[in-house]
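11 is the number of the first residue of the sequence shown in the numbering used here; add one for each residue after it.
Notes for the one structure printed next.
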Amino acid sequence: MTENLLLTSDWHLGHHNIRFLCDRPWDWPLRLEVNHRAAFDSNPEATLLHLGDVLFAKYWSRSLKEVWPGRVICTLGNHDRKKEQSRIEAEGWGATDSHSTIDGFRRILFCHRPQDLRRKFLSDIGVYGHKHNSPLTEYEAEPVPRSIRISPEFMDYRPIHLNDLLKIGETPIWHAASQKWYGASTYPEKLPVKEMGPNHRD
């Protein structure tokens with residue numbers, strides 16, 4: 011039985027330039043907050059597993075509980091530096107470099123960057139963030155048997171339940187017109203990808 015986990019990543023709250031780097035809509039912070047609060051209201055017992063790059067502490071003063079009031083585990087990202095980690099922990103979030111869970115006989119590993127999966131124990135499925143809406147690459151097949159990207163730009167700034175992710179079995183993309191999840195290989199439109207700008211640190 012899988013954990014009651016909702017997955018999200020790469021909020022970049024307070025990072026004003028992320029709108030241009032990743033082609034985010036002008037109202038993306040509001041969209042993110044509304045969608046996460048709606049998910050919490052419908053499943054308040056769920057744990058939110060955040061795959062890192064939460065906020066830029068210098069530019070985000072509001073409480074993270076306004077976005078998600080419940081329990082959170084965060085696998086720290088490359089932008090979650092000392093000040094950011096202090097804010098995350100002060101909010102009562104659990105901060106770690108990775109998280110794992112078991113689904114039947116499958117071990118699922120969660121990290122921020124795809125390359126971090128190589129440094130962890132062997133797993134059957136690896137779930138990561140970090141790459142936003144950059145084109146899907148060889149990371150989708152490596153470094154574990156199945157690697158799945160979590161991208162807010164692909165997901166309409168909403169979390170996805172682990173059970174839904176496992177049913178899709180690949181990078182999830184929210185289709186607004188039909189109000190349903192697709193995998194990257196079955197998405198009915200052109201994938202909304204963007205080459206990352208020069209200011210995005212890998």
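Where a beta carbon is used, it is the ideal one built from N, C-alpha and C, also for glycine.
Kindly list the residues whose CB is nearer than 7 Å to the CB of PRO169, restricted to its own chain and excluding five residues on each side of it in sequence; keep chain order. LEU16, LEU17, THR18, HIS46, ALA49, LEU58
Report all residues from its chain with a CB closer than 8 Å to the CB of PHE66; omit the five preceding and five following residues, and keep chain order. HIS22, LEU23, GLY24, HIS25, HIS89, GLU94
Can the beta-carbon of HIS122 be found less than 7 Å from the beta-carbon of GLY139? A contact, by the Cβ cut-off of 7 Å.
For HIS142, the three-state DSSP class (helix, strand or coil): coil
Rounded to whole angstroms, what's the CA-CA distance from PRO202 to ARG34? Just pull it up for me. Taken atom to atom, the span from the alpha-carbon of PRO202 to that of ARG34 is near 11 Å.
Helix, strand or coil for ALA100, going by three-state DSSP, please let me know. Here ALA100 sits in helix by DSSP.
Is the beta carbon of LEU61 less than 7 Å from the beta carbon of ILE183? LEU61 places its beta carbon 7 Å or farther from that of ILE183.
For PRO54 and GLY80, which I take to be in contact (beta-carbon distance under 8 Å), what is that distance rounded to the nearest angstrom? 6 Å
LEU9: first and last residue of the uninterrupted beta strand (DSSP E) it sits in: It is not possible to answer for residue 9, since the shown part of the chain is limited to 11 through 212.
On the DSSP bridge list, what partners appear for VAL82? Paired residues: LEU58.
Do you know offhand how far SER157's Cα is from LEU175's? 12 Å
Start-to-end residues for the alpha helix (DSSP H) that takes in TRP38: 38 to 52
Beta-carbon spacing of TRP103, CYS84 below 7 Å: yes
Consult DSSP for ASP113 and reduce its assignment to one of helix, strand or coil. strand
Assigned secondary structure, PHE120 (DSSP; H/G/I helix, E/B strand, else coil): strand
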